[in-house]
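Beneath this line is the structure, given in structure tokens, with notes to follow.
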Amino acid sequence: MSTEHSPPPTDDAERAFDPAELQALRERVAELEETVADDGDGTKMTIVATQGSFDMAYPPLILASTAAAFGWDVVVFHTFWGLDILHEEKSADLKLSAVGNPNMPVPNAIAALPGMDTVATKLMQKRIDDNGTATIKELIDLSLESGVDLQACQMTIELMDYDEDDFYDGVTTGVGAATALQHMADSDIQLLV
Numbered sequence: 007m008s009t010e011h012s013p014p015p016t017d018d019a020e021r022a023f024d025p026a027e028l029q030a031l032r033e034r035v036a037e038l039e040e041t042v043a044d045d046g047d048g049t050k051m052t053i054v055a056t057q058g059s060f061d062m063a064y065p066p067l068i069l070a071s072t073a074a075a076f077g078w079d080v081v082v083f084h085t086f087w088g089l090d091i092l093h094e095e096k097s098a099d100l101k102l103s104a105v106g107n108p109n110m111p112v113p114n115a116i117a118a119l120p121g122m123d124t125v126a127t128k129l130m131q132k133r134i135d136d137n138g139t140a141t142i143k144e145l146i147d148l149s150l151e152s153g154v155d156l157q158a159c160q161m162t163i164e165l166m167d168y169d170e171d172d173f174y175d176g177v178t179t180g181v182g183a184a185t186a187l188q189h190m191a192d193s194d195i196q197l198l199v
């Protein structure tokens with residue numbers, strides 16, 4: 007909407023304004039429109055991923071890649087067990103725990119038996135394959151290609167004795183809590199997963 011060639015006022019309400027005041031208002035509207043146009047959508051989202059089980063790797067990656075498809079600025083800060091999602095070797099072997107999950111069709115007494123996590127994980131992997139759902143690696147690749155900043159917590163890297171080379175290419179390593187908090191403070195949406 008250009009305000010340079012505005013038509014002359016046509017109604018009585020517009021004529022009642024002081025012309026200088028009206029011009030100042032038009033200039034302010036033009037300035038605000040320019041600011042909004044320069045900012046684009048501008049929506050920022052920060053997700054903190056703290057859990058690294060097979061089933062909990064999906065929510066932050068699906069949300070992040072979808073938000074990036076909307077043009078949002080997205081950061082996923084991975085800390086503690088959530089860091090395993092970004093670890094190339096560990097992410098290939100994430101497990102689904104049947105114990106303590108009330109939606110699993112298996113009583114806890116049976117779910118606690120040795121090997122049940124492996125069975126539950128294999129069943130879920132089969133369901134994902136049969137459904138054509140993206141794998142964890144595919145979602146990581148999609149997120150990175152979409153501009154999502156997948157961050158690895160430096161303190162957790164040191165705590166778990168990981169090497170920065172253990173993570174997928176494109177993952178931002180060496181990120182501290184202060185940096186993550188700053189992005190959260192600037193974000194429109196903050197999620198803890």
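The sequence shown begins at 7 in the working numbering and counts up by one.
Each residue gets a CB set at the ideal place from its N, CA and C atoms; glycine is no exception.
### Query
Taking Cβ to Cβ, would you say H84 is nearer than 9 Å to Q157?
In the sequence shown, the residue the question calls residue 84 occupies position 78. In the sequence shown, the residue the question calls residue 157 occupies position 151. A contact, by the Cβ cut-off of 9 Å.
### Query
Taking DSSP as the reference, what is the three-state secondary structure of G106?
Indexing the sequence shown from 1 puts residue 106 at position 100. G106: coil per DSSP, three-state reduction.
### Task
From the DSSP output, in three-state form, read off K101 for me.
Looking up residue 101 in the sequence shown gives position 95. K101 falls in the coil class under three-state DSSP.
#### Entry: Beta-carbon gap between M62 and D194 smaller than 9 Å
Taking the first residue of the sequence shown as position 1, residue 62 is located at position 56. Taking the first residue of the sequence shown as position 1, residue 194 is located at position 188. No, Cβ-Cβ distance for M62 and D194 is not below 9 Å.
### Closest Cα partner of N107 within the set C159, D90 and A126
As a first step, residue 107 must be located in the sequence shown, where it is residue number 101. Selected option, being the one with the closest Cα: A126.
### V81 - DSSP class collapsed to helix/strand/coil
Taking the first residue of the sequence shown as position 1, residue 81 is located at position 75. In the structure shown, V81 sits in a strand (DSSP, three-state: E or B).
### Query
How big is the Cα-Cα spacing for Q160 and L119?
Counted from its first residue, the sequence shown places residue 160 at position 154. Counted from its first residue, the sequence shown places residue 119 at position 113. One C-alpha to the other measures close to 35 Å.
### Query
Are D79 and T49 touching if we call contact CB-CB under 9 Å?
In the sequence shown, residue 79 corresponds to position 73, counting from 1. In the sequence shown, residue 49 corresponds to position 43, counting from 1. Yes, the Cβ-Cβ distance between D79 and T49 is below 9 Å.
### Task
Taking P66 and V199 to be in contact with their CB atoms under 8 Å, please state how far apart those CB atoms are, rounded to whole angstroms.
Translated into the one-based positions of the sequence shown, residue 66 becomes position 60. Translated into the one-based positions of the sequence shown, residue 199 becomes position 193. Sure, about 5 Å apart at Cβ, within 8 Å.
### Task
Only counting runs of 4 or more residues, tell me where the alpha helix (DSSP H) segments fall wholly within the stretch 147-199, in order along the chain.
160-165 and 183-192
### Message
What does the Cβ neighbour count give for G46, buried or exposed, with the cut at 16 atoms within 10 Å?
### Response
Within the sequence shown, residue 46 is the residue found at index 40, counting from 1. Residue placement at G46 cannot be trusted, given a pLDDT of 47 that sits under 50; what the coordinates show is reported in the next sentence. That one is exposed.
### Task
Return the CA-CA distance between N109 and T72, expressed in angstroms with no decimal places.
Counted from its first residue, the sequence shown places residue 109 at position 103. Counted from its first residue, the sequence shown places residue 72 at position 66. Looking at the two C-alpha atoms, the distance is approximately 26 Å.
### Message
Taking the straight line between their C-alpha atoms, what separation do you get for K101 and M190?
### Response
Within the sequence shown, numbered from 1, the residue matching residue 101 stands at position 95. Within the sequence shown, numbered from 1, the residue matching residue 190 stands at position 184. Our two residues, K101 and M190, have alpha carbons roughly 29 Å apart in a direct line.
### Between the CA atoms of L197 and N137 - distance to the nearest angstrom
In the sequence shown, counting from the first residue as 1, residue 137 sits at position 131. In the sequence shown, counting from the first residue as 1, residue 197 sits at position 191. Near 27 Å, if we compare the C-alpha coordinates of L197 and N137.
### Query
When the Cα of V105 is compared with those of G121, A183, A98 and D169, which residue comes out closest?
As a position in the sequence shown, residue 105 is number 99, starting the count at 1. The candidate whose alpha carbon is nearest that of V105 is G121.
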